[in-house]
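*Asks:*
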Amino acid sequence: MAPQRRIRIALLLCDTPIPDVIASDGDYTAIFNTLLRKSLPSDTNIDYVLDPYDVRNKLEYPENIDDYQAVILTGSAASAYDNLEWINRLVLYVRQVALEKPPIRLIGICFGHQIIARALGGECVPNDGKWEAGVTEIALTDVGRRLFGASTLNIQQMHRDHVPDVPPSFDLLGSTPIAPNQGMVQFYPSADSDSAKAEDVHIFTVQGHPEFTQRISDKIVNARASTGVISKDVAEDVRRRAAWRNDGVDVIGKVIWQVMSAGV
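Numbering of the sequence shown is given in the numbering used here, commencing with residue 6 and proceeding in unit increments.
(1) Compute the Euclidean distance between the alpha carbons of R245 and L45, then round it to the nearest angstrom.
(2) So what does DSSP say about N38, is it helix, strand or coil?
(3) Within its chain, find whatever has a CB closer than 6 Å to the CB of E142; leave out the 5 residues flanking it on each side and keep chain order.
(4) Helix, strand or coil: how does DSSP classify F209 here?
(5) If you reduce the DSSP assignment to three classes, tell me which class F175 lands in.
(6) By the 10 Å Cβ neighbour count, where 16 or more other Cβ atoms means buried, how is Q101 classified, buried or exposed?
(7) Work out the CA separation of A35 and A355 for me, nearest whole Å.
(8) Could I get the ranges of all uninterrupted beta strand (DSSP E) runs contained in the stretch 135-173, with 3 residues as the minimum, in chain order?
(9) For R123, which option in D170, A155 and A82 has the closest C-alpha, if you only look at C-alpha atoms?
(10) Does the Cβ-Cβ distance between F192 and V260 come in under 8 Å?
(11) Using three-state DSSP, classify L17 as helix, strand or coil.
(12) Quick one: give me the first and last residue of the beta strand (DSSP E) that R110 is part of.
(13) Could you tell me which residues DSSP puts in a beta bridge with P131?
(14) Look up V190 in the DSSP assignment and say whether it is helix, strand or coil.
(15) If we call anything under 8 Å between Cβ atoms a contact, is L78 one with G127?
(16) Between D197, P57 and Y73, which has its C-alpha nearest R10's C-alpha?
(17) Enumerate in chain order the residues of its own chain whose CB-to-CB distance from E325 is below 7 Å, with the five nearest sequence positions on each side excluded.
(18) Given a threshold of 16 other Cβ atoms within 10 Å of its Cβ, counted over all protein chains shown, does P215 qualify as buried or as exposed?
(19) Using only the alpha-carbon positions, how far apart do A248 and V99 sit?
(20) Starting from A75, trace the beta strand (DSSP E) both ways and give me its first and last residue.
(21) Apart from the five residues just before and just after I70, which ones in its own chain have a Cβ nearer than 8 Å to its Cβ?
(22) Going by CA-CA distance only, name the one from V130, R150, L145 and I121 that's closest to H207.
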């Protein structure tokens, strides 16, 4: 049997779930731990430690980032383009880790995807008030098809900001009619992007939420629809797609593990 490999992951918490989600599924540390546990291959020799840092409310960051093999940035109801202290500090931190600590894998989810884009030469902008919510089909690029092993991908969404373009040195993973950048990767310089695999990925992002179950999505949509943040039409469309396949755990989660485990 191969020796046990341990991955230490820094989870940068960019928000707190709504109370109804916390009551059923826990905070974002619990929700991401569920995603990682369920998507971890059963035949692996990998163990992991997930350390949360509240970068929004407490401005917490790892004391020594070299202790970690991967960093995950969570989603947030905040806008990644806002000129707020905690957001500006997060952008600078991500840029520093990406440029000065290349062995550390960076994973960005929704807001985290947008922050990584900002940190490395891209931008995040409002999407003309258009919501993308619920299980959504993504058309994959050649790079996306190679990484995910499929031509399309279904993922939970919850956003009305987006990254309109692909920053320099990144490859696009997929797109939808509402948001053309549904995720991106930056390969290590030694890799050939025409044949590179998950093991060659330095930075991996998705605009959607692989950590969201249908229950979590329903609770957020219902809460936002009740206050008019999401229209009734959008909420109904989300419910119509509730039975669609969700690739968050079985496809995206497994690729996240392939990216992170290559670093140990």
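Here a beta-carbon is modelled for each residue, glycine too, at the ideal position from N, C-alpha and C.
*Replies:* The relevant details are as follows:
(1) Locating residue 245 in the sequence shown gives position 240, counting from the first residue. Locating residue 45 in the sequence shown gives position 40, counting from the first residue. R245 and L45: Cα-Cα distance of roughly 30 Å.
(2) Here residue 38 is taken as the residue at index 33 of the sequence shown, counted from 1. Reduced to three states, the DSSP call for N38 is helix.
(3) Translated into the one-based positions of the sequence shown, residue 142 becomes position 137. Cβ neighbours of E142 beyond the five flanking positions: T157 and N159.
(4) Taking the first residue of the sequence shown as position 1, residue 209 is located at position 204. Correct three-state label for F209: strand.
(5) Reading the sequence shown from its first residue, position 170 is the one you call residue 175. Residue state, collapsed to three classes: coil.
(6) As a first step, residue 101 is located in the sequence shown; it is residue number 96 there, counting from the start. Exposed: under 16 other Cβ atoms inside 10 Å.
(7) Residue numbering for the chain in the displayed model covers 6 to 269; residue 355 lies beyond these limits and cannot be assessed.
(8) 137-145 and 157-164
(9) Residue numbering aside, residue 123 sits at position 118 when the sequence shown is read from its first letter. Measuring from the Cα of R123, the nearest candidate turns out to be D170.
(10) Numbered from 1 along the sequence shown, position 187 holds the residue referred to as residue 192. Numbered from 1 along the sequence shown, position 255 holds the residue referred to as residue 260. Cβ atoms of F192 and V260: not closer than 8 Å.
(11) As a working note, residue 17 is residue 12 in the sequence shown. DSSP places L17 in strand when its eight states are reduced to three.
(12) Reading the sequence shown from its first residue, position 105 is the one you call residue 110. Residues R110 to I114.
(13) Position 126 of the sequence shown, counted from the start, is the residue given in the question as residue 131. Paired residues: D166.
(14) In the sequence shown, residue 190 corresponds to position 185, counting from 1. Reduced to three states, the DSSP call for V190 is strand.
(15) Stepping through the sequence shown from its first residue, residue 78 is reached at position 73. Stepping through the sequence shown from its first residue, residue 127 is reached at position 122. Cβ atoms of L78 and G127: not closer than 8 Å.
(16) Residue mapping note: residue 10 aligns to position 5 of the sequence shown, counting from 1. Comparing Cα positions, the closest option is Y73.
(17) Outside the displayed span of the chain (6 to 269) sits residue 325, for which this structure offers no information.
(18) For the purposes of this step, residue 215 is identified with residue 210 of the sequence shown, where counting begins at 1. Classification for P215: buried.
(19) For the purposes of this step, residue 248 is taken as residue 243 along the sequence shown, with counting starting at 1. For the purposes of this step, residue 99 is taken as residue 94 along the sequence shown, with counting starting at 1. Their Cα atoms are separated by approximately 36 Å.
(20) Reading the sequence shown from its first residue, position 70 is the one you call residue 75. It spans A75 to L78 - the beta strand (DSSP E) in which A75 sits, taken as one unbroken run.
(21) The count along the sequence shown starts at 1 and reaches residue 70 at position 65. The answer, listed in chain order, is A15, V76, V102, K106 and I109.
(22) If you number the sequence shown from 1, residue 207 lands on position 202. For the residues V130, R150, L145 and I121, the minimum Cα distance to H207 belongs to I121.
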